[in-house]
Structures are given as structure tokens and as C-alpha cells.
Amino acid sequence: MIYEGDLKGAQQRLRELLDGSARAVAFTGAGISTECGIPDFRSPGGLWTQNKPIPFDVFVAHKAARNEAWRRKFAMEEAFSGARPGRGHRALARLLGRGRIAGVITQNIDGLHQASGVPDDALVELHGNGTYATCLDCGARYELGWVKERFDAAGGIAPDCPECGGPVKAATISFGQAMPEREMARADALAKVSDLFIVIGSSLVVFPAAGLPLKARQKGARLIILNREPTEFDDMAELVVRDEIGDVLAPFAGDG
């Protein structure tokens, strides 16, 4: 059933489906963070309409690309570093704490699920995390402050790893970069054992992540999609809600 403009009806049906579930799993995309001041990527005015993404192989091969990637990163940090978890993040943390959901799979890199109280062992970050950096060669971790200090001191030149000389990159998955095998395996396992798979704020167009709802559905899970825009998976969902995510999940966050 599709709910659009019937907020109370949607919330009631969502509550019924959660009450009837023994192992619900949440899958989140950029739409859960937009009310926190973090724009999504694909919508008009989104980040990808302003800057064409830098492919992974270009980042690795060219120092100028690494310089530009870090310039963009720090420009975004200035704008979005004050973001705090929204009602959707708080709702999932609360549901997780009460044992109402078994885990959270996210396409997001903003760290807001952790900030809301979701522990690492219950969170799967498919596209990495933008709150720190790693060396692509030796795997050493570096905090963003460390990178920025050296970037600024060098006049906008990206630092290399002092341990091995490898390129230092935000710990996110770029276009053309291999998906993290461990996280994909964790997400796949969660999807396949879920009996209720709740998609929140994802357009479901980026694969392989977008294939997880289908895997859950094929294993018998009911599917819920909370997203402002239609998706190609809507026809197979038990419940589709096209409304503001924070408004839909506010009662589950304890906000009414």
C-alpha cells in the first residue's frame, strides 16, 4: 500500500509491521540525513550536480586529483561539520536499543548513525565513513584534522602517508573502488535473515547495495520503503510512504 499525505495512517501501519516482526533490518540512504542539513547526491541541487565525482583510479594516479578531492572534502566539512542526528537516526537508535530492529545497513558516510547511539557492531557502512582517512597502501588511519593541517601548510597539496608514502584518502568508497568485502558480507547476511526490511531515504539505484532489498524479499521478508520519490522497488513493497522521513519516524524517536 502506498501512503502519501496520510501520515498517521502510514505511522500506524509501520508500527503494526514492526510489532509483527522478529528480525527487522533498516537500510538507509542520503534521505535520512537531509533534515540534518546534509544534501543528497542525485536530486536537483545535490552534490553531484555541483561537482562531478572523481573516480578512484584518477584519484590514485594523479596528485592533482587528490589535491582537488581534499579541497572539496574540506569545503564540505566547513558546511556540514555541525550536522547532528535527525529524527530518523534517533528513531533507529531507539528501536535498536529496544530490540525492535536487528541492525542498520547504511549507504551514508556522515557518521550520524554512530552519533545517534548505534554501536559499530550493529551498523554496516557499505560506502565507508567520511569522518576519518586511511592510507590506500598500508591502511594506516589518519584523522581529518591531521590531513587538513598538512594540506593547509602545503598550500593545498594533499599529504602522503608518512609511514609508507602511499596516497591518503577519506575512508569512503569512490566510483570505481572495490566495495568492502567484509561489510558486503555482513549486509548480505542481515538481509537474508531479516523478516522485515525497511528502506529509508534511498533511491535504490546504486548497486550492489540496491540489491539488498531484493535479496531480503526473495528470502521471504516484507519490504517497507520510506522515500519521498518513487523507486523501482515500490511494487514489491508491503508499505510505501512518500513523506518526510523525520515526520514519519518522529514517534519512534520519542518525538510525539
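Counting in the UniProt record's numbering, the sequence shown runs from 1 upward without gaps. Just so you know, even glycine gets a beta-carbon here, dropped at the ideal spot from N, CA and C.
Would S33 and N108 qualify as a contact pair, given that the criterion is a beta-carbon distance under 8 Å?
In the sequence shown, residue 33 corresponds to position 33, counting from 1. In the sequence shown, residue 108 corresponds to position 108, counting from 1. Closer than 8 Å, so yes.
To the nearest angstrom, how far is it from the Cα of T49 to the Cα of P39?
For the purposes of this step, residue 49 is identified with residue 49 of the sequence shown, where counting begins at 1. For the purposes of this step, residue 39 is identified with residue 39 of the sequence shown, where counting begins at 1. With a pLDDT of only 49 at T49, under 50, the local geometry of the prediction cannot be trusted, and no value is derived from it.
On a Cα-Cα basis, can you pick out the residue from G246, T231, D247 that is closest to V240?
Taking the first residue of the sequence shown as 1, we reach residue 240 at position 240. Closest option to V240, Cα to Cα, is T231.
Measuring only the C-alpha atoms, how far is R94 from K215?
The count along the sequence shown starts at 1 and reaches residue 94 at position 94. The count along the sequence shown starts at 1 and reaches residue 215 at position 215. Looking at the two C-alpha atoms, the distance is approximately 26 Å.
State the start and end residues of the unbroken alpha helix (DSSP H) segment that holds R87.
By 1-based counting over the sequence shown, the position of residue 87 is 87. Element bounds for R87: 87 to 97.
Which complete alpha helix (DSSP H) runs does the stretch 95 to 173 hold, if anything under 4 residues is left out?
If we require 4 residues or more, the alpha helix (DSSP H) runs fully inside the stretch 95 to 173 come out as 112 to 116, 144 to 153.
Rounded to a whole number of angstroms, what is the C-alpha to C-alpha distance between R141 and C135?
Numbered from 1 along the sequence shown, position 141 holds the residue referred to as residue 141. Numbered from 1 along the sequence shown, position 135 holds the residue referred to as residue 135. In a straight line, the C-alpha of R141 is about 7 Å away from that of C135.
Please list the terminal residues of the continuous beta strand (DSSP E) segment that includes I245.
Numbered from 1 along the sequence shown, position 245 holds the residue referred to as residue 245. Looking at the DSSP string, I245 is not in any beta strand (DSSP E); the run it does join, the alpha helix (DSSP H), is 245 to 249.
Select from E238, D235, I225, G254 the residue whose C-alpha is nearest the C-alpha of E244.
The sequence position of residue 244 within the sequence shown is 244, counting from 1. Of the candidates E238, D235, I225, G254, the one whose C-alpha sits nearest the C-alpha of E244 is I225.
Tell me whether T231 sits in a helix, a strand or coil according to DSSP, three-state version.
Start at 1 with the first residue of the sequence shown, and residue 231 comes out as number 231. The answer is coil: DSSP assigns T231 none of H, G, I, E or B.
Any idea what DSSP makes of M236, helix, strand or coil?
If you number the sequence shown from 1, residue 236 lands on position 236. Here M236 sits in helix by DSSP.
Take the Cβ of P44 as the centre, count every other Cβ of all protein chains shown within 10 Å, and call the residue buried at 16 or more, exposed below.
As a working note, residue 44 is residue 44 in the sequence shown. Model confidence at P44 stands at a pLDDT of 49, short of 50, so the residue's coordinates are unreliable and nothing is read from them.
With a threshold of 8 Å, are at least 3 pairs of Cβ atoms found where one atom belongs to the stretch 25 to 32 and the other to the stretch 199 to 211?
Touching, per the Cβ criterion.
Compute the beta-carbon to beta-carbon distance between V25 and I101, rounded to the nearest angstrom, for a pair I have assumed lies under 8 Å.
Start at 1 with the first residue of the sequence shown, and residue 25 comes out as number 25. Start at 1 with the first residue of the sequence shown, and residue 101 comes out as number 101. Indeed, because the Cβ distance is near 6 Å, the residues count as touching under 8 Å.
Which residues in the same chain as R242 place their Cβ atom closer than 8 Å to its Cβ, once the five residues preceding and following it in sequence are excluded?
Looking up residue 242 in the sequence shown gives position 242. Answer for R242: I2, Y3, E4, N227, R228, E229, P230, listed in chain order.
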